[in-house]
Amino acid sequence: MLIIIIFLIVHWYASVFAQSFFLHRYMAHRMFIMNPFWERFFYLFTFVTQGSSFLHPKSYAQLHLEHHKHSDTEDDPHSPHFFQDVLSMMINTGRIYMEFKDGKRISSSPYIQGLPTWNRLDSLGNNHLVRLAFCGIYISIYWVFAPTPWAYLLLPIHFLMGPIHGAFVNWCGHKYGYRNYATNDESRNTFIWDLFFVGETFQNNHHRYPHRLNFATHWYELDLAYPIIWLMSKLRIINPCSSSLSSK
Ligand SMILES: [Zn+2]
Ligand SMILES: [Zn+2]
Numbered sequence: 168m169l170i171i172i173i174f175l176i177v178h179w180y181a182s183v184f185a186q187s188f189f190l191h192r193y194m195a196h197r198m199f200i201m202n203p204f205w206e207r208f209f210y211l212f213t214f215v216t217q218g219s220s221f222l223h224p225k226s227y228a229q230l231h232l233e234h235h236k237h238s239d240t241e242d243d244p245h246s247p248h249f250f251q252d253v254l255s256m257m258i259n260t261g262r263i264y265m266e267f268k269d270g271k272r273i274s275s276s277p278y279i280q281g282l283p284t285w286n287r288l289d290s291l292g293n294n295h296l297v298r299l300a301f302c303g304i305y306i307s308i309y310w311v312f313a314p315t316p317w318a319y320l321l322l323p324i325h326f327l328m329g330p331i332h333g334a335f336v337n338w339c340g341h342k343y344g345y346r347n348y349a350t351n352d353e354s355r356n357t358f359i360w361d362l363f364f365v366g367e368t369f370q371n372n373h374h375r376y377p378h379r380l381n382f383a384t385h386w387y388e389l390d391l392a393y394p395i396i397w398l399m400s401k402l403r404i405i406n407p408c409s410s411s412l413s414s415k
């Protein structure tokens, strides 16, 4: 069972880190820049770690900017204050994401059209057979290492890793927890469960300072992704934009 638990933890954190680092902080907010090699490396990293629930990066960025623009209004793609339950919120999120992906909706943000794309990888990641192949890999790992059939109950977490992260962050990040700043929305911060979401549930801090690289703003908060990103900047893998480094 140890190997299964390690696999689950590694898959969880690699996937949520890809979402937070590449999709959110890089694609949606341009908090730092990378050279073409590292950009392709983390594009590939996102494809591999998100696997069966791969999100098209440019479409994610457009969806996310809609959230910032209309946060907790009826035009917000996923405000928990306009949906009765998590499932209906995520169905609406998926619908708007697909509209961006299919080109039926285009973001008004000026830099969206300049965002990087990798057409071959995007079409691979969005191919249903490739998604099924990733599910097959997860099942094979369980087939080899699961000591009891009960362990297979964990498999849906692997299949739906991205939507599970999104559901939790979007719902809880605007519904439960404390507020450091009087923003115009209902965004909240939490600390304990953010340890599972590497900074993503410090929503109130992030909505107040949307270009700040470190999502923790108080001494008692810890954005788990930030020390890794800080190290990357020291190793010159990324080059943070000056506005992302200001203390607030
Ligand atoms: Zn938010
Ligand atoms: Zn954001």
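Throughout, our numbering is defined as the position within the sequence shown, counted from one, plus 167. Glycine included, every Cβ here is placed at the ideal spot set by N, Cα and C. This structure is a prediction, so every number in the text was calculated from the model and none was measured.
- When Ala181, Val183, Ile273 and Asp252 are compared, the shortest CA-CA separation from Ser226 is found for Ile273.
- Membership of Phe335 in the alpha helix (DSSP H) is indicated by the continuous run Met328 to Cys339.
- Exclusion of the five residues before and after Pro224 leaves Leu190 and Met194 as the residues of its chain whose Cβ lies within less than 6 Å of its Cβ.
- The C-alpha of Leu299 lies about 13 Å from the C-alpha of Leu322.
- Glu353 and Glu233 have their C-alpha atoms spaced approximately 16 Å apart.
- When the beta-carbon positions are compared, Val253 and Ala334 come within less than 7 Å of each other.
- If you check the C-beta of Ser220 against ligand 1, you find no heavy atom less than 6 Å away.
- Comparing C-alpha distances from His231 to each of Lys268, Asn381 and His248 shows the shortest one belongs to Lys268.
- Apart from the 5 residues on each side of it in sequence, Gly218 sits with its Cβ closer than 6 Å to the Cβ of Phe301 in its chain, given in chain order.
- No heavy atom of ligand 1 is found nearer than 6 Å to the CB of Ser182.
- CA-CA distance, Tyr180 to Asn351, rounds to 31 Å.
- Tyr345 is bridged by DSSP to Asn356.
- For Ser275, the CB stays at least 6 Å from every heavy atom of ligand 1.
- Looking at the DSSP output, Pro407 bridges to Phe199.
- At a Cβ-Cβ threshold of 7 Å, Gly329 and Leu175 do not count as neighbours.
- Excluding residues up to 5 positions away in sequence, Gly366, Phe369, Asn372, His373 and Asp390 lie with their Cβ nearer than 6 Å to the Cβ of Phe382 in the same chain.
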